[in-house]
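Going by UniProt numbering, the sequence shown opens with residue 1, and the numbers climb by one from there.
Ideal placement from N, C-alpha and C gives every residue a C-beta, glycine not left out.
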Amino acid sequence: MAEVLVVGTLTEFYAEDLRERDGSTPRLMPAGEPGAGPAPDAAVADQPPEEVVAAVRRWQVGLCTQLGVRLWDEAAGVRGDRLKPGECGVEAVHLLAAYLERPELDPRRRGLPADAPGTRAAAVAVASAYPHRQRFPTLLGGVPVWLPVPGPTVFQLVGPDGRMMRFGSLASLRREVDDLVAAAGLRPDDLADALAHDPPPRDADLDEAGRHGLAAFAEMIGRAEQRRLPLWRAHRTPPPLA
């Protein structure tokens, strides 16, 4: 399924995520406070969209109160922005991060092409499992949502739906993508040119796919920062928590 980067509300993320998983109306925790355990079965009920908004809002208030920051806009009428960097572009960003985080995984060090068959998934999997990720902790850490808040680079919370999930800070993602852009020697004009074209085909080389993927991430990070909204990946299956 095609990858989509979305700048929008956390309510939209949970509604879409849960509908994709079981095709049902979202079931969220009425208590909605980060760090609280899953609500008792009797307290969890199918809710109409207005109540989904309210549940996420209560969770958001609890989180932002803990961090001492102002709320982002979770109003039901907030329209999200979407951009499709293509599955190939997103995969390339993760592969570039894996090679920089763990240089020994880069096949170019063994005289092989950067995207030699069989290296992509293996490199990302090994780098993601590395317990001391420092350079790209959110891109390689199974983070599907980046929030416009300060705090830890990656943090685990019980979300509004009662499941434990990893979140990242938008500022951390910005640092990671800027690092990748600099390492690739890309200029703003290069990123703008990449976005002016369609996503690369599935068999595109790493340079082409990575350029488009990084351009898409950089563009959506900018929109999220400007609108002060979460950034998340749609049509994804986040890795299970370690």
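(message) What would DSSP say about A234, mapped onto helix, strand or coil?
(response) Taking the sequence shown and counting its residues from 1, one reaches residue 234 at position 234. DSSP places A234 in strand when its eight states are reduced to three.
(message) Could you tell me the alpha carbon to alpha carbon distance between W146 and R228, rounded to whole angstroms?
(response) Stepping through the sequence shown from its first residue, residue 146 is reached at position 146. Stepping through the sequence shown from its first residue, residue 228 is reached at position 228. Between W146 and R228, the C-alpha separation is close to 11 Å.
(request) Thinking E126 and V143 are a contact (beta carbons under 8 Å), I'd like their distance in whole angstroms, please. (result) By 1-based counting over the sequence shown, the position of residue 126 is 126. By 1-based counting over the sequence shown, the position of residue 143 is 143. It should be pointed out that residue 126 corresponds to Val in this sequence rather than to Glu. 18 Å between Cβ atoms; not a contact.
(request) Give the straight-line distance between the Cα atoms of D198 and V4, rounded to the nearest whole angstrom. (result) The residue labelled residue 198 in the question sits at position 198 within the sequence shown. The residue labelled residue 4 in the question sits at position 4 within the sequence shown. Near 14 Å, if we compare the C-alpha coordinates of V4 and D198.
(message) Any contact between the stretch 208-222 and the stretch 81-99? By contact I mean 3 or more CB pairs, one from each, below 8 Å.
(response) yes
(request) Could you tell me the boundaries of the beta strand (DSSP E) in which G142 lies? (result) On the sequence shown, position 142 is the one that residue 142 refers to. Annotation for G142: no beta strand (DSSP E) segment contains it, and DSSP assigns it neither H nor E.
(request) In angstroms with no decimal places, state the Cα-to-Cα distance between T16 and R58. (result) As a working note, residue 16 is residue 16 in the sequence shown. As a working note, residue 58 is residue 58 in the sequence shown. With the sequence shown as reference, residue 16 is identified as Glu, and Thr is not the correct amino acid for it. When rounded, the distance between both Cα atoms is 19 Å.
(request) Please work out which residues of its chain come closer than 7 Å, Cβ to Cβ, to V69, disregarding the five sequence neighbours upstream and downstream, and give them in chain order. (result) To locate residue 69, count along the sequence shown from 1; it is residue 69. V149, P150.
(message) To the nearest angstrom, how far is the alpha carbon of A224 from that of L231?
(response) As a first step, residue 224 is located in the sequence shown; it is residue number 224 there, counting from the start. As a first step, residue 231 is located in the sequence shown; it is residue number 231 there, counting from the start. Going by the C-alpha atoms only, they are around 6 Å apart.
(message) Checking the sheet assignment: what are the DSSP bridge partners for V56?
(response) Here residue 56 is taken as the residue at index 56 of the sequence shown, counted from 1. Answer is none; V56 lacks a bridge partner.
(request) Could you check the C-alpha separation between A234 and V6 for me, to the nearest Å? (result) In the sequence shown, counting from the first residue as 1, residue 234 sits at position 234. In the sequence shown, counting from the first residue as 1, residue 6 sits at position 6. A234 and V6: Cα-Cα distance of roughly 7 Å.
(request) Determine the direct distance from the alpha carbon of P152 to that of A55, and round the result to whole angstroms. (result) Sequence index remark: in the sequence shown, residue 55 carries index 55 (1-based). Sequence index remark: in the sequence shown, residue 152 carries index 152 (1-based). A55 and P152: Cα-Cα distance of roughly 24 Å.
(message) Whole angstroms are fine: how far does the CA of E219 sit from the CA of V177?
(response) The residue you call residue 177 lines up with position 177 of the sequence shown. The residue you call residue 219 lines up with position 219 of the sequence shown. Rounded to the nearest angstrom, the two C-alpha atoms are 11 Å apart.
(request) Sort I221, D207, Q226, R202 by Cα distance to G86 and report the nearest one. (result) Position 86 of the sequence shown, counting from 1, holds the residue named residue 86. Residue R202 is the option with its Cα nearest to G86.
(message) Looking at M165: is its Cβ nearer than 8 Å to the Cβ of L173?
(response) Here residue 165 is taken as the residue at index 165 of the sequence shown, counted from 1. Here residue 173 is taken as the residue at index 173 of the sequence shown, counted from 1. No. Outside cutoff.
(message) Among V124, A75, L195, whose alpha-carbon lies nearest the alpha-carbon of E104?
(response) Taking the sequence shown and counting its residues from 1, the one referred to as residue 104 is at position 104. Answer by Cα proximity: V124.
(request) Look at the alpha carbon of V52 and the alpha carbon of T11, and state the distance between them as a whole number of angstroms. (result) In the sequence shown, residue 52 corresponds to position 52, counting from 1. In the sequence shown, residue 11 corresponds to position 11, counting from 1. Going by the C-alpha atoms only, they are around 7 Å apart.
(message) Taking the alpha-carbon of R163 as reference, which of E91, G8, Y14 has the nearest alpha-carbon?
(response) Residue 163 sits at position 163 when you count from the first residue of the sequence shown. R163 has its Cα closest to that of Y14, out of E91, G8, Y14.
(message) Please return the same chain residues whose Cβ sits closer than 6 Å to the Cβ of P137, not counting the five positions on each side in sequence.
(response) Taking the sequence shown and counting its residues from 1, one reaches residue 137 at position 137. Answer for P137: T153, V154, listed in chain order.
(message) For A209 and D161, I'd like the C-alpha separation in whole angstroms.
(response) Taking the sequence shown and counting its residues from 1, the one referred to as residue 209 is at position 209. Taking the sequence shown and counting its residues from 1, the one referred to as residue 161 is at position 161. Taking the straight line joining both Cα atoms gives about 34 Å.
(request) Starting from the C-beta of E33, find all residues in its chain whose C-beta is less than 8 Å away, skip the five residues before and the five after it, and write them out in chain order. (result) Sequence index remark: in the sequence shown, residue 33 carries index 33 (1-based). The predicted position of E33 is uncertain, since its pLDDT is 42 and thus under 50; a value taken from the coordinates is nonetheless stated next. Taken in chain order, the residues that qualify are R58, W59, G62.
(message) If the criterion is Cβ atoms closer than 8 Å, does the pair V78 and G8 meet it?
(response) By 1-based counting over the sequence shown, the position of residue 78 is 78. By 1-based counting over the sequence shown, the position of residue 8 is 8. Taking 8 Å as the Cβ cut-off, V78 and G8 qualify as a contacting pair.
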